[in-house]
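Each remark here refers to the structure printed beneath this line.
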Amino acid sequence: MSFIIAIDGPAAAGKGTLARRIAETYGFHHLDTGLTYRATAKALLDAGLPLDDEAVAEKVALELDLAGLDRTVLSRHEIGEAASKVAVMSKVRRALVLAQQRFATKEPGAVLDGRDIGTVVCPEAPVKLYVTASAEVRARRRHDEMIAAGNAADYETVLSDVKKRDERDMGRADSPLKPAEDAHLLDTSEMSIEAAFQAARHLIDAALKRN
Ligand code: DC
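Just remember that my numbering sits 8 ahead of the position in the sequence shown, which is counted from 1.
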C-alpha cells in the first residue's frame with residue numbers, strides 16, 4: 009500500500025515548498041491539489057464559460073488530466089481567485105477529489121497538499137500536517153515574492169486578498185479548510201521553512217517505522 013502524507017493549510021503558509029521538499033527527500037510523488045481547481049477554473053475562463061454553472065464546471069473537472077498541470081501557467085492571481093469560486097461547487101469537488109484519491113495510491117508514496125486532504129481526500133493518511141501562519145506573515149511573504157519576481161505589489165492589497173481568500177476557503181459549506189482532528193499543527197509565523205521541514209521529518213520517520 010502506498011504511504012500518504014496529507015498537508016493542508018491556508019494560502020501562502022509555505023505548504024507547497026514543504027510538500028515538494030518532503031516528496032523529494034522520500035522519493036514520493038507530489039500533487040498540489042490547488043492546481044486541479046486552478047486548471048478547472050482556467051479551462052472555463054479560456055473557453056469563455058461561466059464560473060458558476062455547476063454542470064458545466066463538473067464536466068470540465070471530469071475531463072481534467074492531472075499529468076498536464078503546470079504551476080507557472082496556473083499561478084496567476086486571477087486564476088487563484090477564479091479557482092476559489094469554482095471550489096465551492098460540490099460536483100466539481102467530487103470529480104477532483106476522485107482524481108486526487110487515484111493519485112494518492114501511487115507507489116511507493118504520495119504527498120498531497122491542499123485544503124481538505126486530511127479531512128476529505130485522504131482521511132486515512134498516516135501523516136497529516138496542518139501548516140499555517142498569521143495572515144500578516146503570509147501576506148508579507150506573498151508580497152516579497154511578487155516584488156522579487158519583478159511585479160508591482162502593494163502590501164495592504166495583498167493582505168486584504170489573503171484575508172478574503174481565507175474567508176472563502178474556511179467559510180464554504182462543502183469541505184471547508186480546517187485541521188483534521190489528528191493533524192499536527194506547524195505554525196510557520198516564527199518558524200523557518202527549514203525548521204518546519206525538520207519537524208515534519210521527525211513525524212514522517214516515526215510513522216514510517218510504525219507502518
Ligand atoms: O492553494 P491554491 O491557492 O493553489 O488553491 C486555489 C484555490 O483552490 C483555493 O482558493 C481553494 C481551492 N482548493 C480547495 O478548495 N481544495 C484543495 N484541496 C486545494 C485548493
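Note that beta-carbon positions come from the ideal geometry of N, C-alpha and C, so glycine has one too.
Small disclaimer: the values here were computed from a predicted structure and weren't measured.
Item: Cα-Cα separation, Y45 to V94; Value: 7 Å
Item: Cβ neighbour criterion (16 or more within 10 Å) applied to I15; Value: buried
Item: Spatial distance of R289 from G179 (CA atoms); Value: This structure cannot speak to residue 289, because the chain is shown only from 9 to 219.
Item: Identity of the residues DSSP links to H192 by a beta bridge; Value: L137
Item: Burial state of S92 (16 or more Cβ within 10 Å); Value: buried
Item: Short Cβ contact (8 Å threshold) for A188 with P134; Value: no
Item: Between the CA atoms of A51 and L59 - distance to the nearest angstrom; Value: 10 Å
Item: Of the residues I125, V68 and V166, the one placed nearest D40, counting alpha carbons only; Value: I125
Item: Given 8 Å, three or more beta-carbon pairs between the stretch 189-204 and the stretch 21-36; Value: yes
Item: C-beta contact flag for L194 and V139 at 8 Å; Value: yes
Item: Option nearest R173 by Cα separation, candidates G42, E32 and N159; Value: G42
Item: Inter-residue spacing [alpha-carbon to alpha-carbon] between A208 and L137; Value: 8 Å
Item: Outcome for D73 when other beta-carbon atoms lying within 10 angstroms are tallied against a minimum of 16; Value: exposed
Item: Same chain, Cβ closer than 7 Å to A107, five either side skipped, listed in chain order; Value: T44, L72 and L74
Item: Own chain partners of E66 with C-beta closer than 7 Å, once the 5 adjacent residues on each side are dropped; Value: K99, V100 and A103
Item: For F205 and A118, believed in contact at Cβ under 8 Å, the rounded distance; Value: Wrong, their Cβ atoms sit about 18 Å apart, outside the cutoff.
Item: Within the stretch 45-85, ranges of the alpha helix (DSSP H) (whole runs, at least 4 residues); Value: 62-70 and 79-82
Item: Reduced DSSP secondary structure (H/G/I, E/B, other) of V119; Value: strand
Item: Collapsed DSSP secondary structure at A143 in the structure displayed; Value: helix
Item: Identified DSSP bridge partners for L39; Value: L120
Item: Distance between H85 and I13 (C-alpha atoms, nearest Å); Value: 27 Å
Item: A203 - DSSP class collapsed to helix/strand/coil; Value: helix
Item: Closer than 7 Å: D177 CB and nearest the ligand DC heavy atom; Value: yes
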